[in-house]
Structures are given as C-alpha cells and as structure tokens.
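Following: one structure in structure tokens, then a few remarks.
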Amino acid sequence: MKVWRAELASIAAVALAVSVSVPALPAQAPVTVQVDISRIGKKHPGKPPADDKEDVAVWLTSLDHQAADSASEPGPTATIVQEDKTFIPHVTVIRIGTAVKFPNNDPFFHNVFSLYNGKRFDLGLYESGTSKTLRFLRPGVSYLFCNIHENMSAVVIAVDTPYFGVSDRAGAVLIEGVPDGRYTMHVFYERSSEETLKGLERIVTISGSSRSIGEVRVEESPDVTLAHRNKYGEDYVPPPSSGYGP
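Under the numbering used here, the first residue of the sequence shown is numbered 108, with each subsequent residue one higher.
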C-alpha cells in the first residue's frame with residue numbers, strides 16, 4: 108500500500124512539473140482590414156457623409172480548412188434593435204444557422220420583412236416591448252425593411268465561415284480567431300454593384316507575421332438605388348396617426 112501511494116505521488120509530481128513547464132500559447136492577433144469608400148457623383152438623400160466608412164462587411168472563406176469551417180456551429184443569437192425608427196446595427200454578418208432577435212424598443216408598432224435575395228420572410232406587426240426571432244439557414248444577403256416606416260432598412264449577411272467583420276466609421280475591420288492559412292476574401296457594401304464587389308474578391312494568406320490584409324477600396328456605384336416598396340409591392344402610404352409613431 109505504501110509503495111502504491113508513493114507511485115501515485117511520483118506520477119502527480121511529474122504531471123505537475125509538466126503542466127507548470129509548458130507555457131501557454133499566445134492568443135492570435137485579429138486579422139485587420141482597412142476600408143476606404145470611393146464616392147462618385149453628387150450626394151443623394153440618405154447618403155452617408157464622405158468621411159463615413161461604416162457598414163462594409165468583409166469575410167474570409169478558407170482554402171485550407173473548408174470542411175472544418177463548414178462543420179462549425181452557428182454563432183450566438185444576434186440582435187437587431189428597432190429604436191428611433193432605425194434598425195441597429197444597420198449591417199449584421201452571421202454564421203449560417205444563427206438566429207437573429209428583433210426587439211421593438213420604440214413606443215409604437217413595427218414590422219420586419221424581406222422579399223429580396225437572401226431569406227424571404229415577414230414577421231408581421233408587433234407592439235412596443237415585444238420581440239421576434241428568426242433563424243437564417245442558408246447563405247445570402249437579406250435586405251430588411253419595416254412595412255410601416257419607409258426609411259427603416261437593414262442588411263443581414265449569412266455566410267458559411269466563422270471569420271467575418273464589419274467596418275466602423277473610420278473604416279477599420281477586425282476579424283477574430285483566424286488560423287494561419289489561405290483564404291478567399293469577400294466584401295459587401297450595399298451601395299456597390301454586385302459586379303464591383305465580385306471584382307474585390309481575392310486570395311489572401313494569413314500567418315503569424317502577416318495578419319493585415321491592408322486597404323480595400325470600395326467603389327460606390329451611382330446606379331445602385333436603395334429605394335423599395337412595401338411588402339405588397341406597392342408604394343408606401345403614411346401610417347395611421349395612432350400607434351405607429353410621429
């Protein structure tokens with residue numbers, strides 16, 4: 108019995124020594140992208156200021172680990188808030204299969220619908236203080252609107268990769284957790300044409316010594332319009348004076 112206990116103590120001591128002597132692996136730095144937006148032509152109503160580089164989505168699809176990335180789990184539930192007659196955030200990127208919650212924080216009714224590309228849906232009319240949730244099960248770009256308030260819009264991009272980010276007002280994009288390897292870079296900006304965005308795709312290599320993709324210049328297309336009709340395909344009419352906001 109004493110010999111058995113001595114052997115256990117010896118094994119425990121060796122295990123402790125090994126655990127102490129193995130240094131923790133340093134966390135990988137995020138991949139960085141700097142976005143610039145080229146705005147051509149006269150300013151249109153609702154157009155962001157010239158120095159605003161927000162809401163450009165960038166995502167990376169692996170050329171080396173495609174099977175592993177495809178098998179990864181959906182992300183945690185995302186939230187797009189309806190507040191002050193605005194969807195916040197305006198652009199959301201999610202992993203395929205991820206649910207998105209739409210809480211109504213305004214003191215009046217809202218609706219969320221999408222009839223274009225991506226996922227087609229209509230969450231119906233719901234009141235202040237309530238919320239609805241929807242899961243996006245296939246890749247694509249979904250343009251979201253409110254059937255009551257014409258100026259409300261948002262974009263949800265469902266992608267088959269866990270590596271993505273959205274630019275801030277200064278144009279900075281951070282993509283966390285990207286392993287070293289080769290990737291195809293994809294870009295989305297709602298004021299650019301599909302042809303323009305397709306031309307921005309390129310293969311990039313991420314490594315410990317090179318985790319910056321550099322600058323991506325996105326061109327705003329003057330032919331792209333954000334005008335839309337309501338969920339019935341008709342022009343918007345002013346909402347009733349009661350229960351739908353000022």
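We put the CB at the ideal spot given by N, CA and C, even for glycine.
Keep in mind it's a predicted model, so treat the numbers as computed, not measured.
CA nearest to the CA of residue i, picked from the options
{"i": "residue 199", "options": "346, 235 and 186", "result": "186"}
{"i": "residue 332", "options": "284, 321, 301 and 288", "result": "301"}
{"i": "residue 140", "options": "339, 350 and 283", "result": "283"}
{"i": "residue 255", "options": "289, 155 and 336", "result": "336"}
{"i": "residue 239", "options": "219, 226 and 201", "result": "219"}
{"i": "residue 343", "options": "227, 259 and 172", "result": "259"}
{"i": "residue 164", "options": "304, 194 and 204", "result": "304"}
{"i": "residue 202", "options": "211, 257, 248 and 265", "result": "265"}
{"i": "residue 357", "options": "184, 196 and 195", "result": "Because the chain in this structure spans residues 108 to 353, residue 357 falls outside the shown range and cannot be described."}
{"i": "residue 317", "options": "339, 346 and 285", "result": "285"}
{"i": "residue 136", "options": "281, 158 and 179", "result": "281"}
{"i": "residue 138", "options": "321, 340 and 334", "result": "321"}
{"i": "residue 295", "options": "161, 156 and 155", "result": "161"}
{"i": "residue 350", "options": "204, 232, 181 and 289", "result": "232"}
Buried or exposed by the 16-neighbour rule on C-beta atoms within 10 Å, applied to residue i
{"i": "residue 306", "result": "exposed"}
{"i": "residue 277", "result": "exposed"}
{"i": "residue 272", "result": "buried"}
{"i": "residue 315", "result": "exposed"}
{"i": "residue 237", "result": "exposed"}
{"i": "residue 212", "result": "exposed"}
{"i": "residue 330", "result": "exposed"}
{"i": "residue 229", "result": "exposed"}
{"i": "residue 195", "result": "exposed"}
{"i": "residue 143", "result": "exposed"}
{"i": "residue 290", "result": "buried"}
Three-way DSSP call (helix, strand, coil) for residue i in this model
{"i": "residue 240", "result": "strand"}
{"i": "residue 208", "result": "strand"}
{"i": "residue 327", "result": "coil"}
{"i": "residue 232", "result": "strand"}
{"i": "residue 190", "result": "strand"}
{"i": "residue 284", "result": "coil"}
{"i": "residue 332", "result": "coil"}
{"i": "residue 322", "result": "strand"}
{"i": "residue 199", "result": "strand"}
{"i": "residue 303", "result": "helix"}
{"i": "residue 136", "result": "coil"}
{"i": "residue 309", "result": "strand"}
{"i": "residue 337", "result": "coil"}
{"i": "residue 219", "result": "strand"}
{"i": "residue 343", "result": "coil"}
{"i": "residue 179", "result": "coil"}
{"i": "residue 165", "result": "strand"}
{"i": "residue 293", "result": "strand"}
{"i": "residue 316", "result": "coil"}
{"i": "residue 144", "result": "strand"}
Cβ-Cβ distance between residue i and residue j below 7 Å
{"i": "residue 326", "j": "residue 298", "result": "no"}
{"i": "residue 287", "j": "residue 310", "result": "no"}
{"i": "residue 250", "j": "residue 274", "result": "no"}
{"i": "residue 190", "j": "residue 216", "result": "no"}
{"i": "residue 206", "j": "residue 242", "result": "yes"}
{"i": "residue 170", "j": "residue 270", "result": "no"}
{"i": "residue 262", "j": "residue 224", "result": "no"}
{"i": "residue 188", "j": "residue 210", "result": "yes"}
{"i": "residue 179", "j": "residue 324", "result": "no"}
Any chain C beta carbon closer than 7 Å to residue i
{"i": "residue 337", "result": "Of the protein chains in this structure there is only one, and it is not chain C."}
Query raised in the report: Which ranges would you report for the beta strand (DSSP E) in the region 237 to 277 if only whole runs of at least 3 residues count?
Result: 238 to 242, 247 to 252, 260 to 266 and 271 to 273
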